[in-house]
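According to the working numbering, the sequence shown is numbered sequentially starting from 31.
Glycine included, every Cβ here is placed at the ideal spot set by N, Cα and C.
Everything below concerns the one structure shown next.
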Amino acid sequence: MEDLYKKFPFIKTNIEVKDGWKTLIDDCLTEIKDLMDGFSVGTIKEKFGGIRIYIEPDEDKYPNYFLGIDNNTYRHICSIVSKYEHMSYKICEVCGKEGKLQTKNNWLKTLCIDHNKDYKNVVGFLMDLSDQVNESVKP
31 MEDLYKKFPF
41 IKTNIEVKDG
51 WKTLIDDCLT
61 EIKDLMDGFS
71 VGTIKEKFGG
81 IRIYIEPDED
91 KYPNYFLGID
101 NNTYRHICSI
111 VSKYEHMSYK
121 ICEVCGKEGK
131 LQTKNNWLKT
141 LCIDHNKDYK
151 NVVGFLMDLS
161 DQVNESVKP
């Protein structure tokens, strides 16, 4: 991931995801790089099985950003980032192959068939959970 820091100097923190999402991050940041004047990437991490890329306004340009930013550029950046966040749910975070959202011990990960050992497809998990709930409420 070191090359991403060189390519995108507006990344201000550690990238806390596995290599499988590196291309996804590269594509996302390439798409937003010309819009990033006054903004930086504060965090890149996995959350609930998907990637999260947090965009922060630079305090020099937006000193009162905590009051909210009414800025079309910021909204445009966030819409692009959101597209890639949604894409992450179909890409294995370990290797970058096609993946699916999986669960194990209430943890969510997006994994391919090669990396989902001991994980269960979320759709199957939710159906099993639904069956358990239905069984417990039978008269």
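Secondary structure at Glu32: helix, using DSSP grouped into helix, strand and coil. If you draw a 10 Å sphere on the C-beta of Asn136, you find fewer than 16 other C-beta atoms in it, and that means exposed.
Setting aside the 5 residues that flank it on each side, Ile110 is surrounded in the same chain by Glu61, Ile62, each with a C-beta closer than 6 Å to its C-beta; the list follows chain order.
One alpha carbon belongs to Leu54, the other to Asn151, and they sit about 22 Å apart. Exclusion of the five residues before and after Val47 leaves Ile74, Lys75, Glu76, Ile81, Glu123 as the residues of its chain whose Cβ lies within less than 7 Å of its Cβ.
DSSP, reduced to helix, strand and coil, places Ile55 within a helical segment of the structure shown. Under DSSP, the beta-bridge partners assigned to Arg82 are Lys75.
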